[in-house]
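Number of protein chains: 2
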Amino acid sequence: MSTSYQQQHKAGDLHFLKRLNRSAILELVRRTPGLTRADIATQAQLTKATVGAGVQSLLNQGWLREGELLKSSGGRPGRALHLNDDNHVLFGAEVGVHGLRLIACTLSGQVLESHHEHLVPTTPEVTAELLAELLRGLMHTASVKGRHSLGLGVALPGPIAPGKAVLRLAPNLGWRDIRFLDLLRPHLPRLEGTWVMDNEAKSAAFGELYFRTGNIPESLMYVSAGTGIGSGMVEGSHLPLVTRGVQGLAGEIGHTVLQPGGLYCHCGNRGCAETLVSGWSIRAALGIAEEEDLIEALLPRLNEPDVQVTLRRAGEALGILLLNLHHTQNPSEIVLGGSLTRLGEALLSPALDYFKANQNRLLGTTQQVPLRVIEDSTFIAARGAAAQVLASIIHGPSDLS
Amino acid sequence: MSTSYQQQHKAGDLHFLKRLNRSAILELVRRTPGLTRADIATQAQLTKATVGAGVQSLLNQGWLREGELLKSSGGRPGRALHLNDDNHVLFGAEVGVHGLRLIACTLSGQVLESHHEHLVPTTPEVTAELLAELLRGLMHTASVKGRHSLGLGVALPGPIAPGKAVLRLAPNLGWRDIRFLDLLRPHLPRLEGTWVMDNEAKSAAFGELYFRTGNIPESLMYVSAGTGIGSGMVEGSHLPLVTRGVQGLAGEIGHTVLQPGGLYCHCGNRGCAETLVSGWSIRAALGIAEEEDLIEALLPRLNEPDVQVTLRRAGEALGILLLNLHHTQNPSEIVLGGSLTRLGEALLSPALDYFKANQNRLLGTTQQVPLRVIEDSTFIAARGAAAQVLASIIHGPSDLS
DNA sequence: AGACATAAGTTCAGAGATTGAACTTACTCT
DNA sequence: AGAGTAAGTTCAATCTCTGAACTTATGTCT
Chain A
19 MSTSYQQQHK AGDLHFLKRL NRSAILELVR RTPGLTRADI ATQAQLTKAT
69 VGAGVQSLLN QGWLREGELL KSSGGRPGRA LHLNDDNHVL FGAEVGVHGL
119 RLIACTLSGQ VLESHHEHLV PTTPEVTAEL LAELLRGLMH TASVKGRHSL
169 GLGVALPGPI APGKAVLRLA PNLGWRDIRF LDLLRPHLPR LEGTWVMDNE
219 AKSAAFGELY FRTGNIPESL MYVSAGTGIG SGMVEGSHLP LVTRGVQGLA
269 GEIGHTVLQP GGLYCHCGNR GCAETLVSGW SIRAALGIAE EEDLIEALLP
319 RLNEPDVQVT LRRAGEALGI LLLNLHHTQN PSEIVLGGSL TRLGEALLSP
369 ALDYFKANQN RLLGTTQQVP LRVIEDSTFI AARGAAAQVL ASIIHGPSDL
419 S
Chain B
19 MSTSYQQQHK AGDLHFLKRL NRSAILELVR RTPGLTRADI ATQAQLTKAT
69 VGAGVQSLLN QGWLREGELL KSSGGRPGRA LHLNDDNHVL FGAEVGVHGL
119 RLIACTLSGQ VLESHHEHLV PTTPEVTAEL LAELLRGLMH TASVKGRHSL
169 GLGVALPGPI APGKAVLRLA PNLGWRDIRF LDLLRPHLPR LEGTWVMDNE
219 AKSAAFGELY FRTGNIPESL MYVSAGTGIG SGMVEGSHLP LVTRGVQGLA
269 GEIGHTVLQP GGLYCHCGNR GCAETLVSGW SIRAALGIAE EEDLIEALLP
319 RLNEPDVQVT LRRAGEALGI LLLNLHHTQN PSEIVLGGSL TRLGEALLSP
369 ALDYFKANQN RLLGTTQQVP LRVIEDSTFI AARGAAAQVL ASIIHGPSDL
419 S
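Protein sequences appear in the order of chains A and B. Per our numbering, numbering through the first sequence is continuous, rising by one, with the last residue being 419. Per our numbering, numbering through the second sequence is continuous, rising by one, with the last residue being 419.
What follows is the structure in structure tokens.
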């Protein structure tokens, strides 16, 4: 199951058609900044007249701005069009196991303000209140003030019930069946626009695809390696959809079995990927206490043999996990993030080596699936949640106010 | 990457809108036979006038037929609408490792004719010629003759290059980079309509979702357990899309690693799922020759201890595979097919038991993902390929001639 | 049986979005 | 300076959907 921007099997009236064309124009400019009206007419297969009218209305509403005059190739030069980054603001937040991350960004994903609050979240209610306070702080900064808010996206560390805004489970927070947005809303009556929430790996995946310009991959998978292991898959370069699954369990790759009959996992099954590679399994293997920051504790110890062995084994498991995703969903691009990437080569080399060595076994080609590692993924999920807000407005039923 | 029915980021003109509304009406009646014009107007959010005009044109073109007068609830009774199964025919075929399967079916997926030719395909060219001959035979049967052909779908046992009609690899046929439709076309100049080809598990998955009426699952996964193991995932109940991946490797679950450092697979890697559960691994474990039919050889031997142990181990691996898919893609429904299902309980019980025992570990719910086993999956993929033809016409750019 | 209520389906003038052709604008090349 | 080319605008024509009025067909109440 995917996020659908139009759940019903609706047909369309003229108003719908107009909206569709406006959002097609906006998408084209968003993906290829500097397009001219003539370019849009060609690519969207609309007439110059329709595009002219559509662009004009998007200019008036503050979504687009006219840019420089382009070089002529023997005729009247075209006028470049760009997203208008000055009028709107998107808010994104992530509730993580070790802290709250917040950002405010523009239509093109440019970060205006960000904040990372280190803390271990307690109850959903207290966390919501604190997050709301921090968001109010962001709203009143100079670079944000005066902009029209399009909405707020919240990324959470666990599966979300599809279709409902319910966090089903966050094992590392001890939360279950939380309607987090409902807890947040009373504290933020002034934050206007669309509110959405999603799983952190799915938000991250979405943002990595959605804010990209130029050549957009057909699909993208984000693997989030932290306390647990999760993934998010986005498909469709033109209208990107996040795969969720009936129960929101899509991407719970930490609980795919890699070692039948292996160690017990906290989920009760044996041999889950998380028993081999995850923050908690590394802690368990090396005896690092919950109170210590795992990464800070390990970085000075990377030369110790037992640390090296532990990370190499974990890395090998991560490599297998990546290969299994390659043979299950075969994304156009893989992005690896989460706090564990900060451990560097000791963990990543075995993983990337295994993946490279085995990804072409079936087809015998030399084509490599691009795999990018994000060293600092602090605000990736929060920014992705903001991207989801924008997408739900552009592709959703609303009217591009 | 998914099959997209409109590859570009096109916007729409009035003609597009009309086509969209016609196909929305057709889809509604297809999914809910017996709908009235008034029902359609409600569900598609169109006015009675628009629906009336649309239905009239679909009636004239032979896609719909008027049925019985429905019971009135205190007003004029509505006229039931149904797919018109009398005018069109869809052709579907599967090239399998042990034979060719062909069907001709109606718009609603009702099989008109079918044929199963047992043989081991040789070269692509010879196979194409033979398949063409068999298809011509189907075209001239009484129940097919006179119908307007909408096209042909061909299912093949290997990954297909996305966007191109190229079979990248069929390990069990020894084929590589075959443009099968191009080989077939010269022999079938009279078979009109849209031609498509796809991987057999993907075709099967598509057909299982697409021809269903009533409550349509949001997604469906078909697991094909035969000589090798493959899967196909379809998402979106309203506009179903098959997940393919950049290289067409999505669903190659036979080569996900279940046992790091395990047995060597024919792909060169170690511990692939196929080394634990597949036609060839069962043959290897029990020493059954290629020439023998695996199923026929085993059915009389199900009481033998070594057979039971082998099948139980294979079944357990299959159970893990299903659970891993559950935690990776979380389909709304799983359908298990392929020749191995004919082995019955000995193989299936361990698989289904493991899946049932572990699928709810994360959320702690009691909700079960429906898992259906198809005992006789002979024509499932061929019929699915026919479904893909229909879908490409209804949702594609063509005009519902 | 007849009158009334209710709901399905049709008709048609009107609204609204895209179109295509003609036109204007603006730059390059000779 | 003039011809050529391409971008963008204008506007009457076209096409589809809409909304309200109308017709048709059945159930229900008296």
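Every residue, glycine too, gets a C-beta built ideally from N, C-alpha and C. The structure presented is a predicted model; accordingly, all values stated were derived computationally and were not measured.
Item, Value
"If you run the structure through DSSP and keep just helix, strand and coil, what is W81/B?", "coil"
"What's the C-alpha gap between C4/A and R48/A?", "Beyond the ends of chain A as shown, which are 19 and 419, falls residue 4/A; an answer cannot be given."
"Less than 8 angstroms between the CB atoms is what I'm expecting for G280/B and R288/B, so what's the real figure, rounded?", "5 angstroms"
"Between the segment 276–289 of chain A and chain B, which residues of the former have CB atoms less than 8 angstroms from a CB of the latter, in chain order?", "L276, Q277, P278, C285, G286 and N287"
"With 16 other CB atoms within 10 Å as the buried threshold, where does P368/B fall?", "buried"
"Taking DSSP's pairing of strands, which residues face N217/A in a bridge?", "L174/A"
"Suppose contacts are defined by Cβ-Cβ distances below 8 angstroms. Is P139/B in contact with L201/B by that definition?", "no"
"Could you list which residues in chain A have their beta carbon closer than 8 angstroms to that of H273/B, in chain order?", "H345, R379 and L380"
"L88/B and P95/B look like a contact to me (Cβ under 8 angstroms); what is the Cβ gap, rounded to whole Å?", "5 angstroms"
"Between which residues of its own chain and Q277/A is the CB-CB distance below 6 angstroms, once the five residues before and five after are set aside?", "G289"
"Does V387/A come within less than 8 angstroms of chain B when only Cβ atoms are used?", "yes"
"Under the rule that 16 or more other beta-carbon atoms within 10 Å means buried, what is T54/B, buried or exposed?", "buried"
"So what does DSSP say about S249/B, is it helix, strand or coil?", "strand"
"Could you name the residues of the same chain whose beta carbon sits closer than 8 angstroms to that of V275/B, not counting the 5 residues immediately before and after it, in chain order?", "N287, R288, G289, C290 and A291"
"Can you grab the Cα-Cα spacing for the pair S126/B / A404/B, in whole Å?", "11 angstroms"
"Less than 8 angstroms separating the beta-carbons of Q326/B and A364/B?", "yes"
"Drop a sphere of 10 angstroms on the beta-carbon of E253/A, count the other beta-carbons inside from all chains shown, and report buried for 16 or more, exposed for fewer.", "buried"
"State the DSSP-derived secondary structure class of L46/A, mapped to helix, strand or coil.", "helix"
"So, helix, strand or coil for G244/A, using DSSP?", "coil"
"Taking just the CA atoms, how far does G211/A sit from A150/B?", "58 angstroms"
"Among K220/B, S161/B, G117/B and L174/B, which one has its Cα closest to the Cα of I352/B?", "K220/B"
"Return the CA-CA distance between Q24/A and H284/B, expressed in angstroms with no decimal places.", "Confidence at Q24/A is low in this model, with a pLDDT of 47, below 50, so the placement of that residue is unreliable and no value is reported for it."
"Three-state secondary structure (DSSP) at S91/B?", "coil"
"Output the distance between the C-alpha atoms of D31/B and R203/A, rounded to the nearest integer angstrom.", "40 angstroms"
"Cβ of A146/B within 8 angstroms of Cβ of F198/B?", "yes"
"If A409/A and E218/A are in contact, beta carbons under 8 angstroms, what's the gap, nearest whole angstrom?", "Actually they are not in contact, since the Cβ atoms of A409/A and E218/A sit about 17 angstroms apart, beyond 8 angstroms."
"Between the alpha carbons of P189/B and L156/B, how many angstroms are there, rounded?", "29 angstroms"
"Given a cut-off of 8 angstroms, decide if N348/B and G263/A are closer than it, judged by their beta-carbon atoms.", "yes"
"Check the Cβ of E84/B against every Cβ in chain A and list those closer than 8 angstroms, keeping chain order.", "The contacting residues do not exist; E84/B stays about 20 angstroms from chain A at best."
"What in chain B is Cβ-close to G30/A, meaning under 7 angstroms?", "L35, L38 and N39"
"DSSP beta-bridge partners for G169/A?", "L108/A and T212/A"
"Return the Cβ separation of R360/B and I313/B in integer angstroms, given the expectation that the two are a contact with Cβ distance under 8 angstroms.", "5 angstroms"
"Does the Cβ of H166/A have 16 or more other Cβ atoms within 10 Å, making it buried, or fewer, making it exposed?", "exposed"
"Give the straight-line distance between the Cα atoms of H205/B and V407/B, rounded to the nearest whole angstrom.", "19 angstroms"
"What are the start and end residues of each continuous alpha helix (DSSP H) run of 4 or more residues lying completely inside the segment 391–417 of chain B, in chain order?", "398–412"
"Roughly how many angstroms separate the alpha carbons of I300/A and L316/A, rounded to a whole number?", "10 angstroms"
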